[in-house]
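Take a look at the structure below.
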Amino acid sequence: NAGVTQTPKFQVLKTGQSMTLQCAQDMNHEYMSWYRQDPGMGLRLIHYSVGAGITDQGEVPNGYNVSRSTTEDFPLRLLSAAPSQTSVYFCASRSPGGETQYFGPGTRLLVL
Amino acid sequence: GENVEQHPSTLSVQEGDSAVIKCTYSDSASNYFPWYKQELGKRPQLIIDIRSNVGEKKDQRIAVTLNKTAKHFSLHITETQPEDSAVYFCAAVTGGGNKLTFGTGTQLKVEL
């Protein structure tokens, strides 16, 4: 199993550009989530999904969209990037009935 | 929503000494408390966790204690080694397991 994978590893955007951060897992986990990590602020939940077709907002959802069409994939979309979205983004998944979340390697995003 | 506070933000110890990191949470409905270790440039990795019906859990040099009444939980690392140097995050889980709220992290440095 590859576990949780994320692409790209690093991305530079200009203000106003759009992009999609990809996240995939091959562990048949129903629960998937997105976090952003900023210095001194820990990780904050952006959006999460408890299964295909179901998504919900976390602590900091503004400026981000998600969808879950398959169990494996949970992309995060930035429709109009802003410098405040400069951060490291982590995707995570959790097995059914489990509590432990497994994190992907992260995507470092710089918005100029 | 849940609020998790973590102290200290930095901790420096001599090799072989013990290290203690403390967290408090606000939501009495939180029922699962994981601890993550994050090395520079890497993903957070679970090192130990505790459920709300348990007061203490130990795994080799690492232990976690939970005081539900006071809403406190702590990470204890004994016989610290240089490879323990990293950022440690506490977290609390609410929302039926769907929302993971992190503390702001503790930078642990183990000096030779």
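Those sequence lines, one after another, are chains A and B.
According to my numbering, the stretch in the first sequence is residues 1113 to 1224, in order.
According to my numbering, the stretch in the second sequence is residues 4 to 115, in order.
Glycine included, each C-beta is placed from N, C-alpha and C at the ideal position.
On a predicted model such as this, the values are computed, not experimentally measured, just so you know.
Does the Cβ of residue 1189 of chain A have 16 or more other Cβ atoms within 10 Å, making it buried, or fewer, making it exposed? Counting from one through the first sequence, the residue named residue 1189 of chain A turns up at place 77. Burial call: exposed.
Assess contact between the region 1119 to 1131 of chain A and the region 1140 to 1155 of chain A, defined as three or more Cβ pairs (one per stretch) separated by less than 8 Å. Is contact present? no
What residue does the beta strand (DSSP E) around residue 1177 of chain A start on, and which one ends it? In the first sequence, residue 1177 of chain A corresponds to position 65, counting from 1. Start and end: 1176 to 1178.
May I have the straight-line CA-CA distance separating residue 97 of chain B from residue 53 of chain B, to the nearest angstrom? What you label residue 97 of chain B is simply residue 94 of the second sequence in a count that begins at 1. What you label residue 53 of chain B is simply residue 50 of the second sequence in a count that begins at 1. Between residue 97 of chain B and residue 53 of chain B, the C-alpha separation is close to 14 Å.
Residue 98 of chain B - DSSP class collapsed to helix/strand/coil: As a working note, residue 98 of chain B is residue 95 in the second sequence. Residue 98 of chain B: helix per DSSP, three-state reduction.
When you compare only the Cα positions, how much space is there between residue 1216 of chain A and residue 1202 of chain A? By one-based count along the first sequence, residue 1216 of chain A stands at place 104. By one-based count along the first sequence, residue 1202 of chain A stands at place 90. Roughly 6 Å separates the two Cα atoms.
Consult DSSP for residue 1195 of chain A and reduce its assignment to one of helix, strand or coil. Stepping through the first sequence from its first residue, residue 1195 of chain A is reached at position 83. Helix at residue 1195 of chain A.
Please name the residues in the region 91 to 114 of chain B whose beta-carbon is closer than 7 Å to at least one beta-carbon of chain A, in chain order. 92, 96, 100, 101, 102, 103, 105, 106, 107 and 108
Strictly by DSSP, which residues pair up with residue 1131 of chain A? Position 19 of the first sequence holds residue 1131 of chain A. Answer is A:1190, bridged to residue 1131 of chain A.
Output yes or no for whether 7 Å exceeds the beta carbon distance between residue 1204 of chain A and residue 1213 of chain A. Residue mapping note: residue 1204 of chain A aligns to position 92 of the first sequence, counting from 1. Residue mapping note: residue 1213 of chain A aligns to position 101 of the first sequence, counting from 1. Closer than 7 Å, so yes.
Within 7 Å (strictly less), CB to CB, does residue 64 of chain B reach chain A? Looking up residue 64 of chain B in the second sequence gives position 61. Residue 64 of chain B does not count as touching chain A.
When you check each C-beta in the region 1161 to 1195 of chain A against every C-beta of chain B, which residues fall closer than 8 Å? 1162, 1168, 1170 and 1171
Could you pull out every residue in the same chain whose Cβ sits closer than 7 Å to the Cβ of residue 1169 of chain A, ignoring the five residues on either side in sequence? As a working mapping, residue 1169 of chain A is identified with position 57 in the first sequence. These residues qualify, in order along the chain: 1159.
Taking the straight line between their C-alpha atoms, what separation do you get for residue 64 of chain B and residue 111 of chain B? Locating residue 64 of chain B in the second sequence gives position 61, where the first residue counts as 1. Locating residue 111 of chain B in the second sequence gives position 108, where the first residue counts as 1. Straight-line Cα distance between these residues: approximately 15 Å.
Can you tell me where the beta strand (DSSP E) with residue 70 of chain B in it begins and where it stops? Within the second sequence, residue 70 of chain B is the residue found at index 67, counting from 1. Counting along the chain, the beta strand (DSSP E) containing residue 70 of chain B begins and ends at 65 to 70.
Of all the CB atoms in chain A, is at least one closer than 7 Å to the CB of residue 78 of chain B? The residue given as residue 78 of chain B occupies position 75 in the second sequence. So, not an interface residue.
Among residues of its own chain, excluding the 5 on either side of residue 22 of chain B, which ones have a beta-carbon nearer than 7 Å to its beta-carbon? Here residue 22 of chain B refers to the residue found at position 19 when the second sequence is read from its first residue. Closer than 7 Å at the Cβ level, and outside the excluded window around residue 22 of chain B, lie 14, 16, 80, 83 and 111.
Based on Cα-Cα distance, which residue from A:1142, A:1175 and A:1164 lies nearest to residue 1181 of chain A? Taking the first residue of the first sequence as position 1, residue 1181 of chain A is located at position 69. Out of A:1142, A:1175 and A:1164, A:1164 has the C-alpha closest to the C-alpha of residue 1181 of chain A.
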